[in-house]
Structures are given as C-alpha cells and as structure tokens.
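Quick note: the sequence shown uses UniProt numbering, first residue 1, plus one each step.
Cβ coordinates follow ideal geometry from the N, Cα and C atoms, glycine included.
Heads up, the thing below is written out as structure tokens.
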Amino acid sequence: MATTARPSTPSIPSPFPSTHRALHVTSYDTPPAVTSLPLPTPSPGTALVRILATQIISYSRSVYSSTGRAYPFPLPLTAGYSGIGRIAACPGDSVALQRGQLVHVDCVVRARDDPSAIFLAGVHQGHSQRSAQLMEANWRDGCAAEFAAFPIENLMPLDEKRLLGKVEEGGLGYDLPRLSYISTLLVPYGGLADVGVRPGETVVVAPATGGFGGAAVKVALAMGARVVAMGRNERELERMEGVFGRERVRGVRITGDVKGDAEMLKGVWGEPDVFFDISPPAASHSSHFKSALLSLRHAGRASLMGGQREDVQVPLRLVMVKDIMLKGKWMYERPAVAQLVKMVEAGVLGLGEKDGVDVKGTFTLEEWDKAFTVAEETNRPGSVTVITP
C-alpha cells in the first residue's frame with residue numbers, strides 16, 4: 001500500500017512535551033518500531049488522551065505484516081487497539097469531558113455525517129471509500145503510544161472510584177489491565193444486543209473457546225441468558241463450565257456431524273433462542289455454523305459477527321419455514337459502549353480473576369514484540385495482554 005502523508009501537527013504549549021513515543025508502522029514488510037513523533041494536537045471535536053493501557057489483540061502481529069492478515073490502513077500510522085487513558089486536553093466544543101478524567105478510548109470511529117463510514121483506528125480502514133478517506137485524513141492512529149488524539153464521542157468516562165477503588169471501600173478493586181478487557185467485551189456485546197438477547201433465553205456461542213468467543217459467553221451471561229458454548233477444545237469448555245457453573249453454561253463439542261451436533265445443542269435446554277457466530281477467517285467450511293442454525297427455535301435469531309472469508313452454508317428453506325432472523329453486525333455503536341460500561345461499573349459484568357479474566361502480561365512499548373507473542377499464544381477466554389505506554 002502506498003505511503004500517505006501524515007497531516008501536519010502544530011506544536012502544543014507547555015506543560016505538554018513536543019514529542020511522544022509510539023509504536024510506529026511504516027510498512028507491511030518491516031516490523032513496527034518505537035519512534036518519537038510530534039505530539040497530536042486536539043483540534044475541534046478531538047481530545048488529547050494520555051494512554052495508560054491498551055489491550056493487545058491476539059492477531060496483532062498478523063495485522064501489521066504482509067505475511068498475515070495485512071489489514072488495509074493508511075501508512076504510516078501508530079499501532080494499537082482501544083485503550084484506557086486520562087484526558088490530557090479537551091477541545092473548546094467539549095462540555096462534559098474534563099482534564100484528568102479516566103476514560104475508555106474506543107477505536108471504532110464513525111463519520112459524523114455518515115454513520116455507515118466506520119473504521120478501526122490503528123487497525124482497519126473499514127469497508128468503504130468514505131471510511132478509508134476518513135481514516136487517512138483523521139484519527140488513523142491507535143493507542144500503542146504515550147498520547148493519542150481521538151474524537152470526543154469515542155471517549156467514555158469511567159467511574160474511577162468504583163472501578164479502581166478498594167473493595168472494603170465500595171470499589172471493585174480492578175486495575176488498568178483488567179479495565180482494558182472492556183474493549184474485548186464490547187465486540188460480542190454489539191452483536192448480542194443487536195438481536196435483543198433477553199434474560200432467561202438460551203444463546204449458542206460458537207466457536208466459544210477463543211478470545212472473542214469466550215467474551216461472548218461472559219457477556220451473554222451478564223445479560224441474563226444461559227449459554228451453550230460450542231467448540232473443539234473440550235478442556236476449555238469444561239473450564240468454562242467450572243468458572244460460570246453448569247446451571248448456566250454447558251459445553252458442546254463440535255464433531256463435524258451437522259445434524260448430530262444440532263441435536264446435541266437442542267438437548268441441553270431445548271431449542272436455543274439465539275445463535276451468536278464469532279468464527280475466525282479459517283472457519284468458512286466448519287460444520288458448526290449450519291448445526292447452530294438447525295438447532296434454533298421458531299423465530300430464533302442469529303447474530304453474525306464472524307470473520308469467514310468465504311461463503312458459508314445456510315439452510316435457506318429452514319430459515320424461511322422457521323422465521324429465523326439472520327443479522328450481521330460489525331463492531332457496535334456508542335450507546336452499546338455506555339451500556340456495557342454501566343454493566344461493568346454495577347458489577348454485573350465482572351473483570352476479576354474469579355470472573356474468568358486472567359491478565360497474562362503487562363509490557364512496556366519497547367516490549368511490544370513480546371506482548372504480541374504472549375497475546376497470540378494465550379488466545380483463550382478471559383486472557384488479557386496489555387501494553388502500558
């Protein structure tokens with residue numbers, strides 16, 4: 001991909017430094033490097049954030065490599081996903097955000113005049129010419145840096161006293177790495193909320209033993225549903241039953257027998273209400289997709305958030321006869337961020353060790369390569385790897 005010029009960045013007066021360190025990507029063919037860059041400037045509608053922690057997604061190395069996924073994005077850019085930070089400077093058109101405020105920094109950016117133009121700052125330019133244009137011109141950089149500039153609507157205030165406070169003083173006792181797991185939980189919440197998961201319903205999550213699949217299990221439980229977790233890793237399925245309890249989570253192994261697996265799904269708590277698909281790119285020909293659809297009740301719903309790169313088998317006649325709704329979803333909207341943060345702050349959606357969240361490592365910017373490796377090797381439900389710039 002051709003290198004594009006970075007927009008000019010005016011200097012910022014004291015007390016801010018003129019430069020900051022960032023994990024810089026200049027080419028798909030060379031590794032990222034920690035580089036000193038001019039400090040971003042908070043233009044109208046944009047705030048400057050001091051990044052405290054950013055979660056490393058399991059396939060980060062693949063995103064920034066020509067031999068991996070090689071997601072499309074303008075170059076150069078700062079790597080990274082969403083993060084946790086403090087407001088360093090606010091624009092004049094911000095009335096709610098305050099300097100020093102703890103916020104969730106959301107990488108899902110939407111054009112203000114076209115909400116269908118969506119991109120992921122630091123990760124992916126989106127799927128339209130408009131989203132690519134917006135990322136190239138503004139907010140291309142992710143959170144693997146000391147500072148980042150983001151639209152004010154992408155900064156969600158967090159109740160610091162509640163989230164980081166001591167348990168004996170009414171807090172939840174979390175730390176910054178655990179808060180960064182919010183960015184993973186948001187992805188499945190977008191799809192589950194989109195199909196209206198309700199308390200008491202049964203949700204099939206497949207595959208359930210990866211990072212996002214495991215997050216979907218947690219979120220569905222927090223929404224009041226029971227979960228049938230489907231996957232090939234029996235040991236991980238058993239672990240999830242142990243963490244969350246068999247009265248609310250049951251594991252079903254994918255065997256490759258489409259009809260047999262569908263009957264197994266129905267045999268847990270009857271015909272499921274919802275199927276949540278979060279398949280990886282290589283799962284286009286996996287049997288689980290059709291099995292889960294076959295198991296759904298009349299007027300069941302399917303939330304499709306998988307990354308399959310090829311078409312999948314859909315039993316269209318059954319979908320028609322049983323009034324099944326198929327609904328795709330890429331990421332989530334801002335109201336979903338606010339609602340999920342409320343769930344975390346209320347303690348309904350736990351981030352503690354007892355809740356199955358396991359911090360695998362905390363690394364500096366200079367240790368990015370090790371962080372990428374740990375994230376890739378520990379891509380399991382609840383695993384968290386972070387960089388703290």
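**OP:** Give every residue of the same chain whose Cβ lies closer than 7 Å to the Cβ of residue 6, excluding the five residues on either side of it in the sequence, and list them in chain order.
**Re:** Translated into the one-based positions of the sequence shown, residue 6 becomes position 6. In this prediction, residue 6 has a pLDDT of 44, which is less than 50 and means its spatial position is unreliable; what the coordinates show is noted afterwards. Same-chain partners within the cutoff: 76.
**OP:** Give the C-beta separation of residue 221 and residue 248 to the nearest angstrom, bearing in mind that I take them to be a contact with Cβ-Cβ under 8 Å.
**Re:** Locating residue 221 in the sequence shown gives position 221, counting from the first residue. Locating residue 248 in the sequence shown gives position 248, counting from the first residue. Correct: roughly 6 Å between the Cβ atoms.
Subject >> Same chain, Cβ closer than 8 Å to residue 171, five either side skipped, listed in chain order >> reply: Sequence index remark: in the sequence shown, residue 171 carries index 171 (1-based). Correct list, in chain order: 161, 162, 163, 164, 165.
Original post:
Which of helix, strand or coil does DSSP assign to residue 101?
Top reply: Here the question's residue 101 lines up with position 101 in the sequence shown. In this structure, residue 101 counts as coil in the three-state DSSP scheme.
Original post:
Is residue 348 near the ligand ZN, in the sense that its beta carbon is under 6 Å from a heavy atom of that ligand?
Top reply: As presented, the structure is devoid of all ligands, the ligand ZN included, so that no description of it is given.
Subject >> For residue 158, the first and last residue of its enclosing beta strand (DSSP E) >> reply: What you label residue 158 is simply residue 158 of the sequence shown in a count that begins at 1. Here residue 158 belongs to no beta strand (DSSP E), and DSSP marks it neither H nor E.
Original post:
How should residue 385 be labelled, buried or exposed, when 16 other C-beta atoms within 10 angstroms of its C-beta is the threshold for buried?
Top reply: For this step, residue 385 is matched to residue 385 along the sequence shown. Residue 385 should be labelled buried.
Subject >> Start-end ranges of the alpha helix (DSSP H) lying completely within the segment 283-341, minimum 4 residues >> reply: 288-295, 316-321
**OP:** Spell out a yes or no on whether the segment 128-137 and the segment 177-196 are touching, meaning 3 or more CB-CB pairs, one atom from each, closer than 8 Å.
**Re:** no
Subject >> CB of residue 111 within 7 Å of CB of residue 97, strictly >> reply: Looking up residue 111 in the sequence shown gives position 111. Looking up residue 97 in the sequence shown gives position 97. Against a cut-off of 7 Å, the Cβ pair of residue 97 and residue 111 comes out as no contact.
Subject >> Beta-carbon contacts of residue 338 that lie in its chain and below 8 Å, excluding the five residues immediately before and after >> reply: Counted from its first residue, the sequence shown places residue 338 at position 338. Closer than 8 Å at the Cβ level, and outside the excluded window around residue 338, lie 156.
**OP:** Could you tell me the distance, in whole angstroms, from the CA atom of residue 250 to the CA atom of residue 192?
**Re:** Here residue 250 refers to the residue found at position 250 of the sequence shown. Here residue 192 refers to the residue found at position 192 of the sequence shown. Their Cα atoms are separated by approximately 18 Å.
**OP:** Enumerate, from N- to C-terminal direction, the unbroken beta strand (DSSP E) stretches of 3 or more residues contained entirely within the segment 77-147.
**Re:** 83-89, 102-105, 108-111, 114-120
Original post:
Quick one, are the C-beta atoms of residue 373 and residue 273 less than 7 Å apart?
Top reply: Within the sequence shown, the letter at position 373 stands for residue 373. Within the sequence shown, the letter at position 273 stands for residue 273. Not closer than 7 Å, so no.
Original post:
Who are the near neighbours of residue 99 in its chain, counting only those whose CB is closer than 6 Å to its CB and skipping five residues on each side?
Top reply: Within the sequence shown, numbered from 1, the residue matching residue 99 stands at position 99. Same-chain partners within the cutoff: 87.
**OP:** For residue 203, write down the residues that DSSP places opposite it in a beta bridge.
**Re:** The count along the sequence shown starts at 1 and reaches residue 203 at position 203. Answer by DSSP bridge pairing, in chain order: 227, 274.
**OP:** Given a cut-off of 7 Å, decide if residue 67 and residue 22 are closer than it, judged by their beta-carbon atoms.
**Re:** Residue numbering aside, residue 22 sits at position 22 when the sequence shown is read from its first letter. Residue numbering aside, residue 67 sits at position 67 when the sequence shown is read from its first letter. Contact: no.
Original post:
Is it true that the segment 254-268 meets the segment 291-306, where meeting means three or more beta-carbon pairs spaced less than 8 Å apart?
Top reply: yes
Original post:
Got a sec? Which residues, its chain only, sit under 7 Å from residue 255 by beta carbon, not counting five neighbours each side?
Top reply: Translated into positions along the sequence shown, residue 255 becomes position 255. Excluding residues within five positions, the ones whose Cβ falls inside 7 Å are 261.
Original post:
What residue does the alpha helix (DSSP H) around residue 373 start on, and which one ends it?
Top reply: In the sequence shown, residue 373 corresponds to position 373, counting from 1. Residue 373 -> alpha helix (DSSP H) spans 368-377.
Original post:
Does the distance from the CB of residue 143 to the CB of residue 51 come in under 7 Å?
Top reply: On the sequence shown, position 143 is the one that residue 143 refers to. On the sequence shown, position 51 is the one that residue 51 refers to. Taking 7 Å as the Cβ cut-off, residue 143 and residue 51 qualify as a contacting pair.
Subject >> Those residues which DSSP pairs with residue 51 across a bridge >> reply: Within the sequence shown, residue 51 is the residue found at index 51, counting from 1. In the DSSP output, where bridge partners are listed per residue, residue 51 has 85.
Original post:
Is it true that the CB of residue 71 sits closer than 7 Å to the CB of residue 55?
Top reply: If you number the sequence shown from 1, residue 55 lands on position 55. If you number the sequence shown from 1, residue 71 lands on position 71. No, these two residues do not count as a Cβ contact at 7 Å.
Subject >> Range of the contiguous alpha helix (DSSP H) that encloses residue 190 >> reply: Numbered from 1 along the sequence shown, position 190 holds the residue referred to as residue 190. First-last of the alpha helix (DSSP H) with residue 190: 182-194.
Original post:
Is the Cβ-Cβ distance between residue 253 and residue 234 less than 7 Å?
Top reply: Counted from its first residue, the sequence shown places residue 253 at position 253. Counted from its first residue, the sequence shown places residue 234 at position 234. Going by C-beta atoms, residue 253 is nearer than 7 Å to residue 234.
Original post:
So which of 35, 189, 16 has the shortest CA-CA distance to residue 365?
Top reply: Numbered from 1 along the sequence shown, position 365 holds the residue referred to as residue 365. The residue with the shortest Cα to Cα distance from residue 365 is 35.
Original post:
When the Cα of residue 16 is compared with those of 120, 42, 309, which residue comes out closest?
Top reply: Within the sequence shown, residue 16 is the residue found at index 16, counting from 1. It is 42 whose Cα lies nearest to the Cα of residue 16.
Original post:
Are the Cβ atoms of residue 381 and residue 146 separated by less than 7 Å?
Top reply: Start at 1 with the first residue of the sequence shown, and residue 381 comes out as number 381. Start at 1 with the first residue of the sequence shown, and residue 146 comes out as number 146. No, they are not a contact pair.
Original post:
CB residue 327 to CB residue 291, shorter than 7 Å?
Top reply: Within the sequence shown, residue 327 is the residue found at index 327, counting from 1. Within the sequence shown, residue 291 is the residue found at index 291, counting from 1. No, they are not a contact pair.
Original post:
Where do the ends of the alpha helix (DSSP H) carrying residue 436 lie?
Top reply: The chain is shown only over 1 to 389; residue 436 falls outside these bounds and no answer can be derived.
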